[in-house]
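Chemist: Per the working numbering, residue 663 is the first one in the sequence shown, and the count goes up by one each step.
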Amino acid sequence: MSLEPQRTVSELKELRTLTGDENGAQRVAWTDTWLQARGWFQSRLEHLPVEHHYDAAGNSWATLEGESQATLILGGHLDSVPNGGWLDGCLGVLASLEVLRRFADEFGGRPPVTIRLVDWADEEGARFGRSLLGSSAFAGTSSIDADRGRADKDGIRLEDAVARCGFPIDRFPEATRERKNAASYLELHIEQGPVLERLGLPLGVVLGTKGVERHSITFLGQEAHSGSTPMDARRDALAAAAKLALEIRSIARKHQDAVCTMGSVKTFPGIVTAVVGRCETTLDQRDLDAQVLAGMYREAQEASRRFAREESCTDQWSRIWSIEPIQFHPALLDLCEEAVREVAGAAYRLPSGPLHDAAEVARSGIPAVMMFVQSLRGLSHTKLEDTREEHLEMAVQALDRLATKAVKWICNAS
Ligand SMILES: [Zn+2]
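#1: State the Cα-Cα distance for the pair I988 and V937, rounded to the nearest angstrom.
#2: State the Cα-Cα distance for the pair T944 and R971, rounded to the nearest angstrom.
#3: Please tell me whether, using a cut-off of 8 Å, the distance from the CB of D784 to the nearest non-hydrogen atom of ligand 1 is below it.
#4: Ends of the alpha helix (DSSP H) at A904?
#5: Can you tell me whether P1016 sits near ligand 1, meaning its C-beta is under 8 Å from at least one heavy atom of the ligand?
#6: Taking the alpha carbon of F790 as the point to measure from, which residue in I806, Q668, V755 has its own alpha carbon closest?
#7: Rounded to a whole number of angstroms, what is the C-alpha to C-alpha distance between D1099 and V761?
#8: Just to confirm before moving on: does the CB-CB distance between L1041 and E1047 stay below 9 Å?
#9: Would you be able to state if there are at least three C-beta pairs under 8 Å between the segment 706-726 and the segment 790-803?
#10: Over the uninterrupted alpha helix (DSSP H) stretch that includes D946, give me the two end residues.
#11: Identify every residue that forms a DSSP beta bridge with Y716.
#12: Compute every distance between the C-beta of D750 and the non-hydrogen atoms of ligand 3, then say whether any falls below 8 Å.
#13: According to the Cβ coordinates, are S1014 and V868 closer than 9 Å?
#14: Counting pairs of beta carbons, one from the segment 922-941 and one from the segment 873-889, are three or more of them closer than 8 Å?
#15: Report all residues from its chain with a CB closer than 7 Å to the CB of I1072; omit the five preceding and five following residues, and keep chain order.
#16: According to DSSP, is W702 part of a helix, a strand, or is it coil?
#17: Do L680 and Q698 count as a contact pair if the criterion is CB distance below 9 Å?
#18: As a quick exercise: from T1044, S974, R948, W782, pick the residue whose alpha carbon is nearest that of F703.
#19: Hey, is H851 close to ligand 1, as in C-beta under 8 Å from one of its heavy atoms?
#20: The beta strand (DSSP E) with E849 in it runs from where to where?
#21: Using the beta-carbon count (16 or more within 10 Å), is L795 buried or exposed?
#22: Do R689 and E729 have their C-beta atoms closer together than 9 Å?
#23: Under 8 Å from any heavy atom of ligand 1, does the C-beta of H877 make it?
#24: Does the segment 959-971 come within contact of the segment 903-910, defined as at least 3 CB pairs closer than 8 Å?
#25: Let's see if you can read the secondary structure: which residues bound the beta strand (DSSP E) around K928?
#26: For the putative contact between E713 and T725, defined by C-beta atoms under 8 Å, what is the C-beta separation to the nearest angstrom?
#27: Going by beta carbon distance, what residues of the same chain come within less than 6 Å of T978, once the five residues before and after it are set aside?
#28: Can you grab the Cα-Cα spacing for the pair L850 / L753, in whole Å?
#29: Assuming R948 and V927 make a contact with CB atoms under 8 Å, what is their CB distance in whole Å?
#30: Any heavy atom of ligand 1 within a distance shorter than 8 Å of the CB on H991?
#31: Short of 7 Å in beta carbon distance, which residues of its chain neighbour T695, apart from the five on each side in sequence? Order them along the chain.
#32: Nearest-angstrom Cα distance between A899 and A962?
#33: Please find out if some non-hydrogen atom of ligand 1 comes closer than 8 Å to the beta-carbon of H739.
#34: Please state if the CB of V671 and the CB of G738 are separated by a distance shorter than 9 Å.
#35: Only counting the same chain, and skipping five residues up and downstream in sequence, which positions put a Cβ closer than 8 Å to that of T693?
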């Protein structure tokens, strides 16, 4: 039984039929549909010589014991956002399954190193707003005390939702045990953006995940009557915010892959007959280079202060969340580039704007790398998400080649 990339495409379609509806994928973590997807996945393992268990944080592990205890991990996530696409996350799991089958077959059930497949629990954070929940428990970077009280839109607490699935949150830290003997981690994912399609390339090598600076910015001016207040006497908080919303575009454009987004604006009193006295906004800035990110943050603050002054307002900044950029392992980047080149002819290196479980794995000190496959129209987190089937098959082949190279790399290192 050699590698059959077409089987991955068939299984992706089977999963879509089983756990999707006319609005898209419905495998939101800790729901019955998600549990159903996991049960289906487990049934795929039945005739393979693997041990399967769930760790304390709900991550699903299938282990193919090798000659060496040194372990290559392949991963992805079966959970989706509500009304999600058919490939986000589950492509990584099902392509890894095909690679696992190939290793089991080629080496009579005992490859040179141990191969493990992980389906991370709650990568998306779609229900409780906490992304990378399972992989951060694995990495030992989780924030359980902050997370336990999170609630979904129906008021159900995260702590209760995970316990219902059999994973009490107090035991989550035990998931770090799964790091034992981990020698490298590989993850295949759809790009979720338009870069590879624009370049006409099916596959890409992911340099790392961008760091994020996320702030709320409030401009304070003076509410005043829209009819009686002369233009030169106004302290218009929206005007200051609007200037910043335009300025962040040139701040980002100075750097090749940087992005800045002001994604929300609330005005107070927010009526048609009043000058805006208070304007609440948010700013999200991302880059792969920590210095670039810090520089953009500084520039945005300076611009914010300048515009506030120009409009006779004040500004207040507070950090919502931040994470440092994660660079993937240089030796694995080279192996990934070789694999992509062998299958697709050309290789291109690009950073990932979205965060991925691979970033948590890399943070825990395990050498990691990701591969992207082109997303049509760059769309994801929508039922319109799609990738050409021939590209999906190439991606399975390239992941398989990368896994073989990584096994050799692990053997040479140990
Ligand atoms: Zn994903």
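Just so you know, even glycine gets a beta-carbon here, dropped at the ideal spot from N, CA and C. Please read all numbers here as calculations on a predicted model, not as lab measurements.
Modeler: In this structure, then:
#1: 43 Å
#2: 19 Å
#3: no
#4: 899-915
#5: yes
#6: I806
#7: Outside the shown range of the chain, which is 663 to 1076, sits residue 1099, and nothing can be said about it.
#8: yes
#9: yes
#10: No alpha helix (DSSP H) contains D946, which is instead part of the beta strand (DSSP E) from 940-949.
#11: S722
#12: Ligand 3 is absent from the structure shown, which contains only ligand 1.
#13: yes
#14: yes
#15: A732, L734, V775, A845, S846
#16: helix
#17: yes
#18: W782
#19: yes
#20: 844-852
#21: buried
#22: no
#23: no
#24: yes
#25: 921-930
#26: 5 Å
#27: Here residue 978 turns out to be Gln, not Thr, going by the sequence shown. Same-chain partners within the cutoff: T880.
#28: 7 Å
#29: Actually they are not in contact, since the Cβ atoms of R948 and V927 sit about 20 Å apart, beyond 8 Å.
#30: no
#31: T681, Q688, R689
#32: 17 Å
#33: yes
#34: no
#35: R789
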